[in-house]
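Peer 1:
Residue numbers (the working numbering), protein chains in the order written: chain A, 223 to 428; chain B, 223 to 428.
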């Protein structure tokens, strides 16, 4: 079975807990897919490792990659670039391995344009009051910023219709398990495998 | 969460091993769905129990149900009717439980017309030589009949495109696990849940 791997796009509003669920999947669940490390121009924190947490690059290096179409998706937040290098994704998929991206909703929309046959999974808060609470508790945003984030979150949830799946983050372990089940089942979608089986019939009749 | 349950249609060519995989799922895997018992007019065998293996009914009773639109699907094989009573399926789905049907390809096509939002899973032989071998080993068919069954099987595999998923029956335990993963993941398809989340936004803004 040398099928091309699946591209899994895991996204959702800011504050919903994407990183926590992703870490739960990769650290505690058996899985058979690779995590695509993002690239950024922001400064490396003391606890971070280049090539593990992010690929840390200069602004010039990042902008050169954009110009050369080497980014699958990217965005600029507060003066810094964040994005997904295309080469790693393509190589891993070609090797028959699934690739898992954890990215912002805007980045996911870019990937949808370029690779519409990816598996798009949206992580959703159990309710919006709880999302607000989480953003407040992070303590990084002003109250104006919090209201702005809530408006953006609602708009993003409305964009859910271009995703394939929506998973509620009521409990991290449950959400992680759901994402894992989704990925397992997606391998058997008829449109992904039918070519192989029609070939089997052809060969039998030769 | 009082969502309506999923209707799961499990089908595939004669001889592929649908019954074996279904029993593996229901007897050995944790599952959260109900098996829909078929109805038939054929004679009960000594080992069978009415309401467990089948609902055994007279031809008159069965034909009356057909006339009253009380069958989700049915077919006649060698003088006997086989089919799925509609009431049990609808009641169970309304109670929020998933219903699992194991039926022939022709029956699945009837269900597709009536309930297109079901989850259609096709069980496929690892290769056609092996399917032929299984049919031969059952010892119930003449060699003419075997060639006829092989032609039908190939036609049925070509019909796979109207299914949602295709699972290969290379090993019963693996096939059963795949079917279970598919059903778990299907609950999170965006088109099944988006209504609920849009309502959440509405309520937050009230």
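Positions of the beta carbon are idealized from the N, C-alpha and C atoms, including for glycine.
1. How about residue 321(B) and residue 369(B): do their beta carbons lie closer than 8 Å?
2. I'd like the list of long-range same chain contacts for residue 325(A), defined as Cβ closer than 6 Å, with 5 residues on each side in sequence excluded.
3. Of all the options 286(B), 236(B), 282(B), which has the alpha carbon lying nearest to the alpha carbon of residue 362(B)?
4. Closest by CA to residue 392(A), which one among 226(A), 428(A), 242(A)?
5. With 8 Å set as the bound, which would you pick, yes or no: does the beta-carbon of residue 296(B) sit closer than that to a beta-carbon of chain A?
6. Between the Cα of residue 274(A) and the Cα atoms of 367(A), 350(A), 259(A), 283(A), which residue gives the shortest distance?
7. Measure the CB-CB distance between residue 348(B) and residue 404(B) and report whether it falls below 8 Å.
8. At what residue ranges does the segment 386-425 of chain A contain a whole run of the alpha helix (DSSP H), taking only runs of 4 or more?
9. At a Cβ cut of 9 Å, what residues of the segment 302-335 of chain A count as close to chain B, listed as they run along the chain?
10. What's the call for residue 262(A), buried or exposed, on a 16-neighbour Cβ count within 10 Å?
11. Under 7 Å between beta-carbons, which chain A residues line up against residue 422(B)? List them in chain order, please.
12. Ordered along the chain, which non-local residues of its own chain (more than five positions away) have a Cβ less than 7 Å from that of residue 279(A)?
13. Touch check for the segment 405-413 of chain A and the segment 379-389 of chain B: three-plus C-beta pairs under 8 Å?
14. If we define contact as Cβ-Cβ less than 8 Å, is residue 374(A) a contact residue for chain B?
15. Measure from the C-beta of residue 407(A) to each C-beta in chain B and report whether the shortest distance is under 8 Å.
16. Which same chain residues, not among the five before or five after residue 288(A), have their C-beta less than 7 Å away from its C-beta?
17. Beta-carbon within less than 6 Å of residue 429(B)'s beta-carbon, same chain only, minus the 5 sequence neighbours each way: which residues are those?
18. Report the residue from 377(A), 303(A), 342(A) whose alpha carbon sits nearest the alpha carbon of residue 281(A).
19. Pick out the complete beta strand (DSSP E) segments inside the segment 245-296 of chain A, 3 residues or longer, and give them in chain order.
20. Quick check: residue 227(B) and residue 315(B), are their CB atoms within less than 8 Å of each other?
21. Please name the residues in the segment 382-410 of chain A whose beta-carbon is closer than 9 Å to at least one beta-carbon of chain B, in chain order.
22. Kindly list, in the order they appear in chain A, the residues whose Cβ is closer than 8 Å to that of residue 419(B).
23. According to DSSP, is residue 365(B) part of a helix, a strand, or is it coil?
24. Taking a contact to mean a Cβ-Cβ separation below 8 Å, would you say residue 401(A) touches residue 229(A) in this structure?
25. Please list the terminal residues of the continuous beta strand (DSSP E) segment that includes residue 323(A).
26. Determine, for residue 412(B), whether the minimum Cβ-Cβ distance to residues of chain A falls below 8 Å.
27. So which residues on chain A does residue 415(B) lean against when the C-beta distance must stay under 7 Å?
28. Kindly identify the DSSP beta-bridge partner or partners of residue 307(B).
29. Determine the direct distance from the alpha carbon of residue 418(A) to that of residue 283(B), and round the result to whole angstroms.
30. Whole angstroms is fine: what's the gap from residue 359(B)'s alpha carbon to residue 381(B)'s?
31. Residues of chain B with CB under 8 Å from residue 426(A), in chain order?
32. Answer with buried or exposed for residue 395(B), where buried requires no fewer than 16 other C-beta atoms within 10 angstroms of its C-beta.
33. Please classify residue 223(A) as buried or exposed, where buried requires at least 16 neighbouring CB atoms within 10 angstroms.
Peer 2: In this structure, then:
1. Taking the second chain and counting its residues from 1, the one referred to as residue 321(B) is at position 99. Taking the second chain and counting its residues from 1, the one referred to as residue 369(B) is at position 147. Residue 369(B) is positioned such that its CB atom lies no closer than 8 Å to that of residue 321(B).
2. Along the first chain, one-based indexing puts residue 325(A) at 103. If we look at residue 325(A) and ignore the five residues flanking it on each side, its Cβ neighbours are 233.
3. Residue numbering aside, residue 362(B) sits at position 140 when the second chain is read from its first letter. The candidate whose alpha carbon is nearest that of residue 362(B) is 236(B).
4. Within the first chain, residue 392(A) is the residue found at index 170, counting from 1. Taking only the C-alpha atoms, the option nearest residue 392(A) is 242(A).
5. Walking along the second chain from the start, residue 296(B) turns up at place 74. For residue 296(B), the answer is no, since every Cβ of chain A falls outside 8 Å of its Cβ.
6. Locating residue 274(A) in the first chain gives position 52, where the first residue counts as 1. Selected option, being the one with the closest Cα: 259(A).
7. Within the second chain, residue 348(B) is the residue found at index 126, counting from 1. Within the second chain, residue 404(B) is the residue found at index 182, counting from 1. No; because the gap between Cβ atoms is not below 8 Å, this pair is not in contact.
8. 394-408
9. none
10. Within the first chain, numbered from 1, the residue matching residue 262(A) stands at position 40. That one is buried.
11. Locating residue 422(B) in the second chain gives position 200, counting from the first residue. 349, 350, listed in chain order.
12. Locating residue 279(A) in the first chain gives position 57, counting from the first residue. Here the set comprises 261, 263.
13. yes
14. Here residue 374(A) refers to the residue found at position 152 of the first chain. No, because no Cβ of chain B sits closer than 8 Å to the Cβ of residue 374(A).
15. Position 185 of the first chain, counting from 1, holds the residue named residue 407(A). So yes, residue 407(A) belongs to the interface.
16. Here residue 288(A) is taken as the residue at index 66 of the first chain, counted from 1. Apart from the 5 residues on each side of it in sequence, residue 288(A) sits with its Cβ closer than 7 Å to the Cβ of 296 in its chain, given in chain order.
17. A question about residue 429(B) goes unanswered here, because the residues of chain B that appear run from 223 up to 428.
18. Against the first chain, residue 281(A) aligns to sequence position 59. Taking only the C-alpha atoms, the option nearest residue 281(A) is 303(A).
19. 255-257
20. As a position in the second chain, residue 227(B) is number 5, starting the count at 1. As a position in the second chain, residue 315(B) is number 93, starting the count at 1. Going by C-beta atoms, residue 227(B) is nearer than 8 Å to residue 315(B).
21. 382, 383, 384, 385, 386, 387, 388, 389, 390, 399, 400, 401, 402, 403, 404, 405, 406, 407, 408, 409, 410
22. Position 197 of the second chain, counting from 1, holds the residue named residue 419(B). Those are 346, 379, 382, 388, listed as they occur along chain A.
23. In the second chain, counting from the first residue as 1, residue 365(B) sits at position 143. Annotated three-state conformation of residue 365(B) is helix, per DSSP.
24. Numbered from its first residue, the first chain carries residue 401(A) at position 179. Numbered from its first residue, the first chain carries residue 229(A) at position 7. In this structure, residue 229(A) does not lie closer than 8 Å to residue 401(A) by Cβ.
25. Position 101 of the first chain holds residue 323(A). Where residue 323(A) is concerned, the enclosing beta strand (DSSP E) stretches over 320-324.
26. Within the second chain, residue 412(B) is the residue found at index 190, counting from 1. It does: the Cβ of residue 412(B) has a partner Cβ on chain A nearer than 8 Å.
27. Along the second chain, read from residue 1 onward, the residue named residue 415(B) stands at position 193. Chain A residues near residue 415(B): 388.
28. To locate residue 307(B), count along the second chain from 1; it is residue 85. Partner(s): 293(B).
29. Taking the second chain and counting its residues from 1, one reaches residue 283(B) at position 61. Taking the first chain and counting its residues from 1, one reaches residue 418(A) at position 196. Taking the CA atoms as reference points, residue 283(B) sits about 44 Å from residue 418(A).
30. Counted from its first residue, the second chain places residue 359(B) at position 137. Counted from its first residue, the second chain places residue 381(B) at position 159. Going by the C-alpha atoms only, they are around 26 Å apart.
31. Here residue 426(A) is taken as the residue at index 204 of the first chain, counted from 1. Going along chain B in sequence order, the residues near residue 426(A) (Cβ under 8 Å) are 349, 350, 351, 376.
32. For the purposes of this step, residue 395(B) is identified with residue 173 of the second chain, where counting begins at 1. Residue 395(B) is exposed by the Cβ-count criterion.
33. On the first chain, position 1 is the one that residue 223(A) refers to. Confidence at residue 223(A) is low in this model, with a pLDDT of 47, below 50, so the placement of that residue should be treated as unreliable; the coordinate-derived value is given next. When all chains shown are included, residue 223(A) counts as exposed.
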